[in-house]
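Presented below is the structure to which this report refers.
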Amino acid sequence: SQTIHQWPATLVQPVGSPLSLECTVEGTSNPNLYWYRQAAGRGLQLLFYSVGIGQISSEVPQNLSASRPQDRQFILSSKKLLLSDSGFYLCAWSINRDLGYTFGSGTRLTVV
Amino acid sequence: DQQVKQNSPSLSVQEGRISILNCDYTNSMFDYFLWYKKYPAEGPTFLISISSIKDKNEDGRFTVFLNKSAKHLSLHIVPSQPGDSAVYFCAASGGNAGNMLTFGGGTRLMVKP
C-alpha cells in the first residue's frame, strides 16, 4: 500500500535561519507531488508541484524553493526564513485524479 | 481569482441533525469534485467524490450533490456526530488543470453534543 512520510511534525526556527522539510512516498512510482501551506485560519495554498524528477513548478513567488532529487522524494527549502513563513506545511501525492490527493501528516512551522 | 469558493467559514450543528456544507465553482471545465476532511494538526483525508456525469453520490452518512447548471455542490452529513467536527475542503479538477486540484477555503464544522 502507498504511504507518505513527512517530517518533522513541528519545528520552531529563528528568523533568517534555513529550512528543509522532507517528504517521501512509498508504494508507488512516478507520483505527482505537491507542497501546500495552510496559514492560521486560512485555506490550502499550493506552493509547488512536481510531475517528475527535477521538474518543479512554482505557484506563488516567495521565500521558498522545492526540489525533487528522487522519484519519491520532495523537499521544501528556504535559505532565510521570514516570520510570514510560519504555517502548517503539507506534502501530498497523486497518481490519477480518481484517487485524488493523499496528504502527509503535516509540519507545523513557527518562525520566531 | 478563486475558482472554488466555500462562502461559509464556519457552521454549527446539533448532534443528530443534518449538516450541509456548500461549495461554488466558476470554471465550467471542472468535471470532478472531491471533499476532504481535516482535523487540527493533521493532513486532510479524502471523504467522498463525484464526477460531473452524476448529480449525487452517497457513502454512508455522507452524500454529495452536484448542480452543474448552478456550478454548485454540497456535502450532506446525516446524522451529524461530534466526531464530524473538523474543517471540510471541497476541491475540483478538470479542463486545463488536468489532475491538479483547486481547493476551496474550507468550512469549519462544529457538531454540538
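Heads up: the sequence lines are chains V and G, in that order. Residue numbers for the first sequence follow my numbering, beginning at 933 and rising by one. Residue numbers for the second sequence follow my numbering, beginning at 257 and rising by one. Ideal placement from N, C-alpha and C gives every residue a C-beta, glycine not left out. Keep in mind it's a predicted model, so treat the numbers as computed, not measured.
By the C-beta density criterion, V/Pro963 is buried, having at least 16 other C-beta atoms within 10 angstroms. In summary, the residues of the segment 295–329 of chain G whose CB is separated from some CB of chain V by less than 8 Å are Ala297, Glu298, Gly299, Pro300, Thr301, Phe302, Ser305, in the order they occur in the chain. According to DSSP, residue pairing for V/Asn964 in a beta bridge involves V/Ser1026. Around the beta carbon of V/Ala972, a 10 Å sphere encloses fewer than 16 other beta carbons of the protein chains shown; the residue is thus reported as exposed. The Cβ-Cβ distance between V/Gly975 and V/Ser933 does not fall below 7 Å. The bridge partners DSSP lists for V/Ser990 are V/Phe980.
In this structure, the beta-carbon distance from G/Phe289 to G/Ala353 does not fall below 7 Å. When Cβ pairs closer than 8 Å are counted between the two stretches, the segment 1013–1028 of chain V is seen to touch the segment 948–957 of chain V, the count reaching three or more. Excluding sequence positions up to five before and after V/Arg1000, its CB lies within less than 8 Å of the CB of Leu965, Ser982, Gly984, Ile985, Gly986, Gln987, Ile988, Phe1006, Ile1007, all in the same chain and listed in chain order.
The Cβ atoms of V/Trp1025 and V/Thr1039 do not sit closer than 7 Å to each other.
G/Gly351 carries a helical assignment under DSSP once its states are collapsed to helix, strand and coil. Taken through DSSP and simplified to helix, strand or coil, V/Leu1015 comes out as helix. Apart from the 5 residues on each side of it in sequence, V/Ser1009 sits with its Cβ closer than 8 Å to the Cβ of Pro950, Leu951, Ser952, Leu953, Leu996, Ser997, Ala998, Ser999 in its chain, given in chain order.
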